[in-house]
Structures are given as C-alpha cells and as structure tokens.
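The block underneath contains the structure these notes are about, expressed in structure tokens.
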C-alpha cells in the first residue's frame, strides 16, 4: 500500500491537483452523467464528457500559474453570483451599456436615472 501512495505522490508532484474549479467541473459532470442516463439524451452525454475531461485536465495540469489565474477568476465569478443572490431582495444590479461596469441601486425607487461612476453614462431604469 505504501508503494502505491509513494507512486501517486511522485506522479502528482508539480501538478495542479484538485481546486474549486476542477471540483465544480467534476461534480457537474456527475450530475450530467446522471441526467444523461435518466433522460437518454446524446447532448448530455457529450456535455458530461466535456466537463469530465476538462476537470481531469485541470487536476493533472503542470501549468500551475495559469490554473491558479483561472481558479481565481472562477472564484470571483462565483462570489459575484453569491453576492447578487444575497442582495436580490433589496437591490437591483444594472450593467452600464458603455463600459460594462455593474451599478447597484436600491429596489423600490421607481423609474430613476442612474449615472455610471466610471464613464458618466446616464441610463434610465425602473427599480
């Protein structure tokens, strides 16, 4: 048993390993596999294989710096989704049509003019 552990440790030395993005891909692949099995849809089988192979690629990749950048971008995206979900009852979030900056405004104010803090673009939205 110790030989297997040592072999695996030497094999994984210098590789990325399991990070949040890889874990999410592999869990999504599991759910896609179950859905493809139940619904018997070819596109779900294809999506399963894509998610599974990408997850394994991330785990066994030796380019740790690039995988770290990708994982940080993924985590910031997940954090943004969580923040938007938590504030969905009290605030609305609009995206500036000129620069793409997200602007948060309180709900229940009616039709208001929103000014982008970055580029100064004025938008009219209903909250």
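In my numbering, the protein residues as written are 4 to 130. In this text, a Cβ means the ideal position worked out from N, Cα and C, and glycines have one as well.
By the criterion of at least three beta-carbon pairs nearer than 8 Å, the region 76-96 is not in contact with the region 47-67.
By DSSP's assignment, residue 129 forms a beta bridge with 114. Pairing residue 28 with residue 54 gives a Cβ-Cβ distance under 7 Å. In the structure shown, residue 121 adopts coil according to DSSP, grouped into three states.
Residue 35 places its beta carbon 7 Å or farther from that of residue 60.
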